[in-house]
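Down below is the structure, laid out as structure tokens.
Numbering (my numbering), first residue to last: 1480 to 1850.
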């Protein structure tokens, strides 16, 4: 984010002023807005914060807060080097200075414990290399972290660091982007720093995609049904042409007849439309039903009806349509029934056929299953 800091550097040691108290902290360069004298800081703490600082790869988000700083004491290419310089920065205001009388600066590590704020004191004779695992990370002066989150020993020096001036805390000015939603709720940033984030817009897109898939499947089934109907009609037309070209000696192709028995009212409407669309369809169905057995007109009528009408549809038909049922007297299949029976029993009259058909529908099993 800084325009002046060396791009090869990754970490800077930044000096803050909190009501006259000088504080220093290691900050990833991409979190620093040098021109505005601001540092952006995430709303996390503990091992999550430590990992984010060490990796220094996450760009500031709108939810982060910004803090003003006084100056950048130095910038370094590795976290290790920054830690070594941080110790020197705690002892002198100038990292490159070797004078012992330079003004001491406290590190920006403030620990909250039962409202008693203490600061870690460092032994001047300690090793120059810091323990990275026990390094305590803290938000610039406004963020506090509980002592028990780290395996370190906190010793009181008697000095109480002062909280920063609240006027220094500002709202981060970052281009607005959709707020992410954490899909993976239980995670360890140090173990798995790559989180799967989905914005509200992403969630809406996924929902639309799923709905679109269901719609595509529904349309596909409709298309297949229409294609099946078209294929039956084409086969019927081919069969008729062949029959005409061979003088009517061609065997009938019953595969073009829609599925039988007819299952429900919608299928009945479609079947009636198929019969009305061509006289060749009627002749083909009559030819198919005329092969049905039966030792007399009554038995033959019942067997033909069993071939035509399914059990559930049988309960929904009577001769006149009374009681919100389908009227048999208005259906094409009634004419087909009569013509197919007369191919086997030429002397069968309408009254005999209708009497058997009316009783067959009247005494349909209530469970919709044929007996």
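Cβ coordinates follow ideal geometry from the N, Cα and C atoms, glycine included.
Remember, predicted model here, so these are calculated numbers, not experimental data.
key: Start and end residues, beta strand (DSSP E) containing residue 1826   = No beta strand (DSSP E) contains residue 1826, which DSSP labels as neither H nor E.
key: Residues of its chain near residue 1843, where Cβ-Cβ distance is below 7 Å and the 5 sequence neighbours each way are ignored   = 1793 and 1794
message = Given this structure, state the Cα-to-Cα distance separating residue 1724 from residue 1741, to the nearest angstrom.
response = Per the coordinates, the alpha-carbon of residue 1724 lies some 32 Å from the alpha-carbon of residue 1741.
message = So residue 1508 and residue 1491 are supposed to be a Cβ contact under 8 Å. How far apart are they, rounded?
response = Rounded, the Cβ-Cβ distance is 6 Å, consistent with contact.
ask   = Alpha carbon to alpha carbon, what distance is there between residue 1700 and residue 1689?
value = Between the C-alpha atoms of residue 1689 and residue 1700 there is a straight-line separation of about 17 Å.
task = Check whether the Cβ atoms of residue 1496 and residue 1549 sit closer than 7 Å, and answer yes or no.
result = yes
query = Roughly how many angstroms lie between the CA atoms of residue 1777 and residue 1697, to the nearest whole one?
reply = Pairing residue 1777 with residue 1697, the inter-Cα distance amounts to about 44 Å.
query = When we look at the beta-carbon of residue 1606 and count the other beta-carbons within 10 Å, is it buried (16 or more) or exposed?
reply = Confidence in residue 1606 is poor, its pLDDT being 43 and thus under 50, which makes the residue's placement too unreliable to answer from.
request  = For residue 1779, count neighbouring Cβ atoms within 10 angstroms of its own Cβ and tell me buried if that reaches 16, exposed if not.
outcome  = buried
request  = With DSSP as the reference, label residue 1552 as helix, strand or coil.
outcome  = strand
inquiry  = Between the alpha carbons of residue 1837 and residue 1734, how many angstroms are there, rounded?
reply    = 29 Å
inquiry  = Going residue by residue through the segment 1750–1779, where are the continuous alpha helix (DSSP H) segments of at least 4 residues, counting only ones entirely within it?
reply    = 1758–1768
ask   = Given that a residue counts as buried once 16 or more other Cβ atoms are within 10 Å of its Cβ, and exposed if not, what is residue 1561?
value = buried
task = Taking all protein chains shown into account, decide if residue 1840 is buried (16 or more other Cβ within 10 angstroms of its Cβ) or exposed.
result = Here residue 1840 is buried: its Cβ has 16 or more other Cβ atoms, across all protein chains shown, within 10 Å.
request  = State the Cα-Cα distance for the pair residue 1512 and residue 1563, rounded to the nearest angstrom.
outcome  = 24 Å
key: residue 1745 versus 1791, 1510, 1783 and 1709, residue with shortest Cα-Cα distance   = Checking every option, the nearest Cα to that of residue 1745 belongs to 1791.
query = Count the other CB atoms within 10 Å of the CB of residue 1522; is the residue buried (16 or more) or exposed (fewer)?
reply = exposed
request  = Output the boundary residues of the beta strand (DSSP E) element that contains residue 1530.
outcome  = Premise fails: residue 1530 lies in the alpha helix (DSSP H), 1525–1534, not in any beta strand (DSSP E).
inquiry  = On the criterion of 16 or more Cβ atoms from any shown chain inside 10 Å, does residue 1692 qualify as buried, or is it exposed?
reply    = exposed
key: Buried/exposed call for residue 1556, threshold 16 Cβ in 10 Å   = exposed
key: Own chain residues within Cβ distance below 6 Å of residue 1737, not counting five before or after   = 1750 and 1753
message = As a quick exercise: from 1806, 1739 and 1489, pick the residue whose alpha carbon is nearest that of residue 1551.
response = 1489
request  = Pick out whichever of 1811, 1558, 1536 and 1816 has its Cα sitting closest to the Cα of residue 1748.
outcome  = 1811
ask   = Who are the Cβ neighbours of residue 1820 in its own chain at under 7 Å, not counting the five residues just before and after it?
value = 1776, 1779, 1780, 1783, 1827 and 1832
query = CB-CB under 7 Å to residue 1789, same chain, minus the five flanking residues each way: which ones, in chain order?
reply = 1740, 1741 and 1742
message = Quick check on the DSSP output: the beta strand (DSSP E) that includes residue 1502 runs from which residue to which?
response = 1500–1507
query = What did DSSP end up calling residue 1822 once you bin it into helix, strand or coil?
reply = Residue state, collapsed to three classes: helix.
query = residue 1704 to residue 1803, Cα distance in whole Å?
reply = 28 Å
query = Can you give the Cα-Cα distance for residue 1774 and residue 1710, rounded to whole angstroms?
reply = Approximately 36 Å, taken between the alpha carbons.
key: When 1787, 1682, 1756 and 1540 are compared against residue 1768, the one with the closest alpha-carbon   = Ranking the options by Cα distance to residue 1768, first place goes to 1787.
inquiry  = What does the Cβ neighbour count give for residue 1713, buried or exposed, with the cut at 16 atoms within 10 Å?
reply    = exposed
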